[in-house]
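Since the structure comes first, as structure tokens, the remarks are kept for the end.
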Amino acid sequence: MFEATLQKASTLKKVIEAIKDLVTDGNIEVSETGMNLQAMDSSHVSLVSLVLHTDMFEHFRCDRNVTLGINLPNFAKILKCSGNDDSVTLKAQDDGENLAIVFESEGQERVSEFELKLMDIDAESLGIPDQDYNTNVKMSSAEFQRIVRDMTVLGDTCSIGCTKEGVKFSVSGDLGQGNITLRQTNSVDKEEEAVTIEMDEPVELNFALRYLGFFTKASPLCPRVTISMSPDVPIVVAYNVGGEKDTEGAGSLSFYLAPKIDE
Amino acid sequence: KKGQTSLSSFFAKK
Numbered sequence: 004m005f006e007a008t009l010q011k012a013s014t015l016k017k018v019i020e021a022i023k024d025l026v027t028d029g030n031i032e033v034s035e036t037g038m039n040l041q042a043m044d045s046s047h048v049s050l051v052s053l054v055l056h057t058d059m060f061e062h063f064r065c066d067r068n069v070t071l072g073i074n075l076p077n078f079a080k081i082l083k084c085s086g087n088d089d090s091v092t093l094k095a096q097d098d099g100e101n102l103a104i105v106f107e108s109e110g111q112e113r114v115s116e117f118e119l120k121l122m123d124i125d126a127e128s129l130g131i132p133d134q135d136y137n138t139n140v141k142m143s144s145a146e147f148q149r150i151v152r153d154m155t156v157l158g159d160t161c162s163i164g165c166t167k168e169g170v171k172f173s174v175s176g177d178l179g180q181g182n183i184t185l186r187q188t189n190s191v192d193k194e195e196e197a198v199t200i201e202m203d204e205p206v207e208l209n210f211a212l213r214y215l216g217f218f219t220k221a222s223p224l225c226p227r228v229t230i231s232m233s234p235d236v237p238i239v240v241a242y243n244v245g246g247e248k249d250t251e252g253a254g255s256l257s258f259y260l261a262p263k264i265d266e
Numbered sequence: 688k689k690g691q692t693s694l695s696s697f698f699a700k701k
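First to last, the sequence lines map onto chains G and Y. Just so you know, the first sequence maps onto residues 4 to 266 in the working numbering. Just so you know, the second sequence maps onto residues 688 to 701 in the working numbering.
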């Protein structure tokens, strides 16, 4: 059987909220190392990779690997029933048809029990190469969300260009064009707002803003986001889960998006 | 005009 308790149900709620609009159904693979989910959107343009290590959990027991086929919007509906400071326990039998979800308030005076029906999901799995990226930009996740939202006003495709000086987001559409440049900042009052760029060579790629917009729904998870790019490969937009700022969390939520190219 | 590529052209199926 599988049983795991997370001290903050809100963390799981934020994770599922962040992906439920991009991916409807997904298999959460549970093993002794933790919980993992890999799923593509219906057009196979973007991919979500969620890793929750056992360290994140107050209690984690997995006797045998289990695949939990989950309808994410429905899971999100149940997670919304948790209180802000509730803990959450997930339980499933080896061949069970349901996922049990139990919320407990801090003083344990309120216990809510739910069951979510599991599904058989025939999902395609992709091998993501473990590669080093040419460019890694770390910035405020709220700022990234704002830029993506602002770019969407003008068009559907955003160019992201990076040099040592800064990262430039550009868009053009029927009503005109715009661009926003963020300069690399070494000393800022607020650490969370710093922009740091590690790069080998300048890179510029084009991406569909619709998908970048979906990714930014993960902003409440972490004040910082890491954007990784290399020429002609998918961009990675990554958030730590259950960690603080730039420090490695015990989990991560990464989004991959295939670039747009000249036809 | 920019065309959208698919992830399967970058990542192999497992």
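Cβ atoms here follow ideal geometry from the backbone N, Cα and C, with glycine treated the same way. It should be emphasised that the depicted structure is a prediction, and the values quoted were computed from it without experimental measurement.
* Counted within 10 angstroms of its Cβ, other Cβ atoms place leucine 208 (chain G) as buried (16 or more) or exposed -> Indexing the first sequence from 1 puts residue 208 (chain G) at position 205. Leucine 208 (chain G) should be labelled buried.
* **Endpoints, alpha helix (DSSP H) assigned at aspartate 265 (chain G)** => Taking the first residue of the first sequence as 1, we reach residue 265 (chain G) at position 262. Note, aspartate 265 (chain G): premise wrong, no alpha helix (DSSP H); beta strand (DSSP E) at 263–265.
* Write down the C-beta distance between proline 226 (chain G) and lysine 17 (chain G) rounded to the nearest angstrom, noting that I regard them as a contact closer than 8 Å. => One-based indexing of the first sequence puts residue 226 (chain G) at position 223. One-based indexing of the first sequence puts residue 17 (chain G) at position 14. Not a contact, Cβ separation roughly 13 Å.
* **Contact with chain C by threonine 36 (chain G), beta-carbon distance below 8 Å** => The structure shown contains no chain C; its protein chains are G and Y.
* Would you check if there are 3 or more beta carbon pairs closer than 8 Å linking the segment 194–209 of chain G to the segment 113–126 of chain G? => no
* Under 9 Å by beta carbon: chain Y residues contacting proline 234 (chain G) -> The residue labelled residue 234 (chain G) in the question sits at position 231 within the first sequence. Going along chain Y, no residue has its Cβ under 9 Å from proline 234 (chain G), so there is no contact; the nearest lies around 12 Å.
* Asked: Beta carbon of lysine 167 (chain G), beta carbon of asparagine 182 (chain G): below 8 Å?
  -> Residue 167 (chain G) sits at position 164 when you count from the first residue of the first sequence. Residue 182 (chain G) sits at position 179 when you count from the first residue of the first sequence. Contact flag unset, no.
* Go through its chain and collect everything with a Cβ distance to cysteine 65 (chain G)'s Cβ below 7 Å, but skip five positions before and after it. => Against the first sequence, residue 65 (chain G) aligns to sequence position 62. The answer, listed in chain order, is Phe5, Val33, Ser34 and Glu35.
* **Cβ-Cβ distance between alanine 95 (chain G) and leucine 71 (chain G) below 8 Å** => In the first sequence, the residue the question calls residue 95 (chain G) occupies position 92. In the first sequence, the residue the question calls residue 71 (chain G) occupies position 68. In contact: alanine 95 (chain G) and leucine 71 (chain G) (Cβ atoms closer than 8 Å).
* Output yes if chain Y places a C-beta closer than 8 Å to the C-beta of aspartate 259 (chain G); else output no. => Residue 259 (chain G) sits at position 256 when you count from the first residue of the first sequence. In the sequence as presented, aspartate is not what sits at residue 259 (chain G); that position holds tyrosine. Yes, contact with chain Y.
* Please work out which residues of its chain come closer than 7 Å, Cβ to Cβ, to serine 144 (chain G), disregarding the five sequence neighbours upstream and downstream, and give them in chain order. => Locating residue 144 (chain G) in the first sequence gives position 141, where the first residue counts as 1. Taken in chain order, the residues that qualify are Ser222, Cys225, Pro226, Arg227, Val228 and Tyr242.
* Could you check the C-alpha separation between glutamate 116 (chain G) and isoleucine 73 (chain G) for me, to the nearest Å? => As a first step, residue 116 (chain G) is located in the first sequence; it is residue number 113 there, counting from the start. As a first step, residue 73 (chain G) is located in the first sequence; it is residue number 70 there, counting from the start. Cα to Cα, glutamate 116 (chain G) sits roughly 17 Å from isoleucine 73 (chain G).
* Asked: In chain Y, which residues lie less than 8 Å from glutamate 266 (chain G) when you measure between Cβ atoms?
  -> Here residue 266 (chain G) corresponds to residue number 263 of the first sequence, with the count starting at 1. Under the 8 Å cutoff, chain Y gives Lys688, Lys689 and Gly690.
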